[in-house]
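These protein sequence lines are chains A and B, in that order.
Heads up, my numbering is the position in the first sequence plus 1156, with the first residue counted as 1.
Heads up, my numbering is the position in the second sequence plus 951, with the first residue counted as 1.
In what follows, a single structure is set out as structure tokens and then discussed.
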Amino acid sequence: MSASLPPPLLIRNLTVSYGSVLAVDRLNLTVQAGEIYGLMGSNGAGKTSTMKSIVGLVAPASGSVRVVGLDPAVNSIEVKAAVGYVPEAPLLYDALTPREFLEFVASIRMLKADRYAGLVHELIGALQIGPDMDRPLATLSNGTRQKLMLVAAFLHRPALLVLDEPFNNLDPRSVRIMKDLLIAYVRGGNRAALFSTHTVEVAERLCHRLGILDRGKLQGEGTLAELREKIQRPEATLEEVYLGLTTEGVAVSRAAQMLSSRV
Amino acid sequence: MSTIAPSPSSSGAGAPPSGAEGPRTSAAAERPPRQDALPPEATPPLPVGLTWGQCWRVAGIVYDEFTFQSIYALKQGNTSVLLEGKRGEDAVKKARTRVAQSKGMVAFLLFMVIVGGAFALSSTIFRILGQGLPLGDYTISVISGELLLIFSLLWMTGLQVAPTLLGSRVFPLLATLPLTRRDMQRIGLLVFARIFDAPALTALIFFPLAVGWVTGSVAGALVLAVGTLVTVVLACTVSLVTARFFLVRVSGARGGRRGSILVRWVYLLIWSLPSIAITAFVSFSTEILSGLSYWESQNPSAFRLLLLAYPFPFSYLASVVVYPSLNVYGSLGDPVFWAVTAGYLLLAAICARWLRTAPLEMALLSPRSSRQLEEVTTELRTSSPAGAILHKDMRIASRTPGYAFLILLPLLDAFILGLSTNVSQPSPAAADSFAFAAVIVAALLATFFGPAFFATEVMGYSFTRTLPITRRTLLFGKAALILMIYVSASVLVMALVAARISAPLPFALFAAAELPGVLAAAFLELGVLFHKAEEKGIPITNLYSGAWWAMLVTAPGMLVAGLPLLVYYFGERIYDIAVALPSMALTATVLLLLTASWAIWGGPRSAAA
């Protein structure tokens, strides 16, 4: 990466709160070009809130977010043009068909047909959503809707992909395809992806670096080797690293104890 | 939230319920053997049939959930309730209040219709509106009209809400709970009944009472109570059937094929029938009575046949009971009449029986088409960003009756006014007046209904907020829709009345001169909505919940759209049309420049676009 170019994502002291609930607490995070960065954490750890603040769905209480050097609060349109987003839940226009939805997204992004036509054809073929192209979204499965969201996110070849639990509803075949596509996508060196997941296996195989979030705070960050070093267990699996860095390890043992008791 | 008290009989662990059906029994039979390694545990009691009271409480919870989903459009991607950081209880309370307000408004409208109709039966009003009809025929016509209005209003209410209920997925969730099928059906019935409760009770109680009070006939009130009950049952049934029809043929219909959008719009015309019936009855009641009078005098035998059509048997019976001496048709001695009347009662009974189970069973049906679809092309057709907003709204409207209605009503109104001008052969001066009035109505209706389309931005909200949509794009897209409604309605009127009006060119110029006025009103209305949305960071209006906002902005909008019309009116009366038309066009253009500038560049600047 050229030193003069700003990183695709730079977060400094980001705090997000909903009323009295603190969702993200002074988060610092950088995603470099050519990198797939995985955010791991349990439900309510602050992953989705972090991602929503990047794409402008949530206004930060304090701190700063920069996407390719731009502030989403000031350069809203430019940031949205540079980001491809897949939300946690595929909530879309139920009355539209996938074709109509993609036409809407491509039109809003002012894409030329020669830029997206081949890509759309290949993605739709690979993810096997061709037969559903003219069915209303209301009648499609969550998996198909999720695939459509992924196609829409890739459509304009964004500098930064922000994917919130992107593999949640996907079948194993589609997960595999998406993993390959993501790796190929960032390989060029000028694009990056930030994605959140619960799945240890996906995070381990896909991410260049990982961030472990717990109760809004980043408990650890780095490659798997760096994280193992942090908990001083060189042979630990990612699952063990995750439990070691968060408070969940203790809770899990307590729950297991309760379940095995005869009370 | 209310909770369900455990049934006294449910404490008996493991005892199979007497009324239990289907999956529960088989699930018990197929339960895997208990592992010896585990300690003996108290087996959860199997469910038994709930009482109606318990079903009512569960239905309350389900209805709250349905209300919550509908009001906040959460399933469509609206996260505003979460973004506002509201407490959950407040949001639920607000949803309940808004639904109660909507039902209250429909019930109040129905009450006014009922009271108005009952007073139309008084001798004073009969002398004014009678149109030469004998008192008996007049009474039959008014009561029939009232019953049809009750039917139409209830159907219209059902059409707006029932498809949302069937598609809300609250019932499939219920199916995962240990409830018997019968309990679920009862709960489904009670939830469905809650959609209509206030309006239906208003009709059932006040219509017979009001007619009985005005005519002084208790027997007449009792006959009408039966007639109203039949009407309510039929309206609920038709609502449910058409809701399912909508889910399969409109909401779930395939896109992409040539003509498929047109077909959906044709289906959506059905949605407009109740409102057309209401509009036509209210607007043309004297013409209808006059037509009936003419028909009765020319062809009494055919008029007698009309008595067999719903809802005439009930209004005829009520009329005969109220005025026994006016039994001019002698149908009371006609076995066919009694057979048909009994047929309607039987039909209502069958419908009522069907309604006991249908709301649940229809909600559990999949909206999917079972047909295997062939591989299709992946070709996409793009447009300008503003054009994409317009296309998207039109496509959503073609599968959403509530939005389709907003487009169809101005067009249908223009069609009815244009057609009546065409077929009634008025004098050229009168035809000119009708045609101008039709264009004015089209302008005002487009201005009145257009802002409601801002609510489509609630759907897919969390995703579309991440797209680079500028303020100008959104405003242009939405304003284009309002303009399209006006232009289509005006062209329709022009096509229908062209042969009847004396001066087609000034009429066309009049319609064209008003065009910037409509656009100016659109920019003002949408600008207010958009600035408010930017301030709050959320789309503030929802078709079902935040309609107040859309209503509020229509007042200044209609003022702006009406100003050029007033300039024309006074200009034409004080000077002549040569002065009136340019003045009107100039006023409209100035207004357009002012409102468009303000909407696009004025107001608060925010990144929440």
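We put the beta carbon where it would ideally sit given N, CA and C, even for glycine.
(message) Between proline 1430 (chain B) and phenylalanine 1474 (chain B), how many whole angstroms is the CB-CB distance? I'm expecting something under 8 Å.
(response) According to the sequence shown, residue 1430 (chain B) is alanine rather than proline. Confirmed, Cβ separation roughly 6 Å.
(request) Would you mind stating whether alanine 1365 (chain B) and valine 1444 (chain B) have Cβ atoms separated by less than 8 Å? (result) Yes, these two residues count as a Cβ contact at 8 Å.
(message) If the criterion is Cβ atoms closer than 8 Å, does the pair glycine 1553 (chain B) and proline 1515 (chain B) meet it?
(response) No.
(request) Show which residues of chain A have a CB atom less than 9 Å away from the CB atom of alanine 1339 (chain B). (result) By Cβ distance, chain A contributes Glu1259, Phe1260, Val1261, Ala1262, Ser1263 and Ile1264.
(message) Under 8 Å: do the segment 1247 to 1261 of chain A and the segment 1290 to 1309 of chain A share three or more Cβ pairs, one atom per stretch?
(response) Output reads yes: the segment 1290 to 1309 of chain A touches the segment 1247 to 1261 of chain A.
(request) Give me the Cα-Cα distance between arginine 1200 (chain B) and aspartate 1290 (chain A), rounded to the nearest whole angstrom. (result) In this model, arginine 1200 (chain B) and aspartate 1290 (chain A) are separated by some 14 Å (Cα to Cα).
(request) Can you check DSSP and say which residues form a bridge with arginine 1133 (chain B)? (result) According to DSSP, which records beta bridges pairwise, arginine 1133 (chain B) is partnered with nothing at all.
(request) Under the assumption that proline 1162 (chain A) contacts glycine 1225 (chain A) (Cβ atoms under 8 Å), give the Cβ distance between them as a whole number of angstroms. (result) The beta carbons of proline 1162 (chain A) and glycine 1225 (chain A) sit about 3 Å from each other, so the pair counts as a contact at 8 Å.
(message) Contact criterion: CB-CB distance below 8 Å. Does leucine 1337 (chain A) meet it with respect to chain B?
(response) No, no contact with chain B.
(message) Does the segment 1383 to 1392 of chain B come into contact with the segment 1433 to 1448 of chain B, if we say contact requires no fewer than three beta-carbon pairs (one atom in each stretch) closer than 8 Å?
(response) Contact between the segment 1383 to 1392 of chain B and the segment 1433 to 1448 of chain B is present, because at least three Cβ pairs lie under 8 Å.
(request) Check the Cβ of tyrosine 1193 (chain A) against every Cβ in chain B and list those closer than 9 Å, keeping chain order. (result) Against chain B, a Cβ distance below 9 Å from tyrosine 1193 (chain A) picks out nothing, because the smallest value is about 19 Å.
(request) Out of A:Val1276, A:Val1356, A:Ala1262 and A:Leu1401, point me to the one whose CA is closest to histidine 1342 (chain B)'s CA. (result) Looking at A:Val1276, A:Val1356, A:Ala1262 and A:Leu1401, the one whose alpha-carbon comes closest to that of histidine 1342 (chain B) is A:Ala1262.
(request) Taking C-beta pairs closer than 7 Å, name the residues in chain B that proline 1243 (chain A) reaches, listed in chain order. (result) Going along chain B in sequence order, the residues near proline 1243 (chain A) (Cβ under 7 Å) are Ser1413 and Phe1414.
(request) Counting only the same chain and skipping the five closest in sequence on each side, list residues whose C-beta sits under 6 Å from that of aspartate 1344 (chain B). (result) Within the same chain, aspartate 1344 (chain B) has close Cβ partners Phe1404, Thr1407 and Leu1432.
(request) Output, in chain order, the set of chain A residues within a Cβ distance shorter than 8 Å of leucine 1331 (chain B). (result) The contacting residues are Arg1255, Leu1258, Glu1259, Ala1262, Ala1269, Tyr1272, Ala1273 and Val1276.
(message) Using only the alpha-carbon positions, how far apart do arginine 1205 (chain B) and arginine 1332 (chain A) sit?
(response) Going by the C-alpha atoms only, they are around 30 Å apart.
(request) Can you have a look at glutamate 1395 (chain A) and say buried or exposed, based on whether 16 or more other CB atoms are within 10 angstroms of its CB? (result) Under this definition glutamate 1395 (chain A) is an exposed residue.
(message) Distance check for arginine 1304 (chain B) and phenylalanine 1481 (chain B), CA to CA, integer angstroms please.
(response) For phenylalanine 1481 (chain B) and arginine 1304 (chain B), the gap between their C-alpha atoms comes out near 48 Å.
(request) Starting from aspartate 1181 (chain A), trace the beta strand (DSSP E) both ways and give me its first and last residue. (result) Looking at the DSSP string, the run of the beta strand (DSSP E) that includes aspartate 1181 (chain A) is 1177 to 1187.
(message) Using C-beta distances below 7 Å, list every residue in its chain close to phenylalanine 1070 (chain B), excluding the 5 sequence neighbours before and after it, in chain order.
(response) Taking C-beta separations shorter than 7 Å and ignoring five residues to either side along the sequence, the partners of phenylalanine 1070 (chain B) in its chain run Ile1076 and Val1165, following chain order.
(request) Could you confirm whether any beta carbon from chain B is found closer than 8 Å to the beta carbon of leucine 1415 (chain A)? (result) Residue contact check for leucine 1415 (chain A) against chain B: no CB pair falls below 8 Å.
(message) Less than 8 Å between the beta carbons of threonine 1505 (chain B) and threonine 1398 (chain B), yes or no?
(response) Going by C-beta atoms, threonine 1505 (chain B) is nearer than 8 Å to threonine 1398 (chain B).
(message) Could you tell me the alpha carbon to alpha carbon distance between leucine 1503 (chain B) and glutamate 1476 (chain B), rounded to whole angstroms?
(response) When the Cα atoms are used, leucine 1503 (chain B) and glutamate 1476 (chain B) turn out to be separated by approximately 9 Å.
(message) Tell me which residue opens and which closes the alpha helix (DSSP H) that aspartate 1227 (chain A) is part of.
(response) According to the DSSP assignment, aspartate 1227 (chain A) belongs to no alpha helix (DSSP H), since it is labelled neither H nor E.
(request) Just grab the DSSP bridge partners of isoleucine 1192 (chain A) for me. (result) Bridge partners of isoleucine 1192 (chain A) according to DSSP: A:Ala1349.
(request) Give the interface partners of isoleucine 1333 (chain A) over in chain B, defined as CB-CB distance under 9 Å, in chain order. (result) Under the 9 Å cutoff, chain B gives no residues; its nearest Cβ is about 16 Å from isoleucine 1333 (chain A).
(request) State buried or exposed for arginine 982 (chain B), treating a residue as buried only when at least 16 other CB atoms are found within 10 Å of its CB. (result) Its pLDDT being 46, under 50, arginine 982 (chain B) is placed unreliably by the model, and the measurement read from it follows with that caveat. Residue burial annotation: arginine 982 (chain B) is exposed, with fewer than 16 other C-beta atoms found within 10 angstroms of its C-beta.
(request) Within the same chain, show all residues whose beta-carbon is closer than 6 Å to that of threonine 1300 (chain A), passing over the 5 residues directly before and after it, in chain order. (result) Exclusion of the five residues before and after threonine 1300 (chain A) leaves Ile1285 and Asp1288 as the residues of its chain whose Cβ lies within less than 6 Å of its Cβ.
(message) Between serine 1092 (chain B) and chain A, is the shortest Cβ-Cβ distance under 8 Å, so that the two count as touching?
(response) Put simply, the CB of serine 1092 (chain B) is far from chain A, with every gap to its CB atoms at 8 Å or more.
(request) May I have the straight-line CA-CA distance separating leucine 1110 (chain B) from threonine 1188 (chain B), to the nearest angstrom? (result) Their Cα atoms are separated by approximately 11 Å.
(request) Indicate the three-state DSSP secondary structure (helix, strand or coil) for arginine 1410 (chain A) in the structure shown. (result) Arginine 1410 (chain A) falls in the helix class under three-state DSSP.
(request) Mind checking who arginine 1168 (chain A) pairs with in its DSSP beta bridge? (result) Its beta-bridge partners are A:Ser1220.
(request) Inspect the beta-carbon positions of tyrosine 1014 (chain B) and valine 1142 (chain B) and report whether they are closer than 8 Å. (result) In contact: tyrosine 1014 (chain B) and valine 1142 (chain B) (Cβ atoms closer than 8 Å).
(request) Output yes or no for whether 8 Å exceeds the beta carbon distance between glycine 1139 (chain B) and alanine 1314 (chain B). (result) Glycine 1139 (chain B) is a Cβ neighbour of alanine 1314 (chain B), given a cutoff of 8 Å.
(request) Confirm, please, whether the CB-CB distance from leucine 1258 (chain A) to leucine 1331 (chain B) is below 8 Å. (result) Against a cut-off of 8 Å, the Cβ pair of leucine 1258 (chain A) and leucine 1331 (chain B) comes out as a contact.
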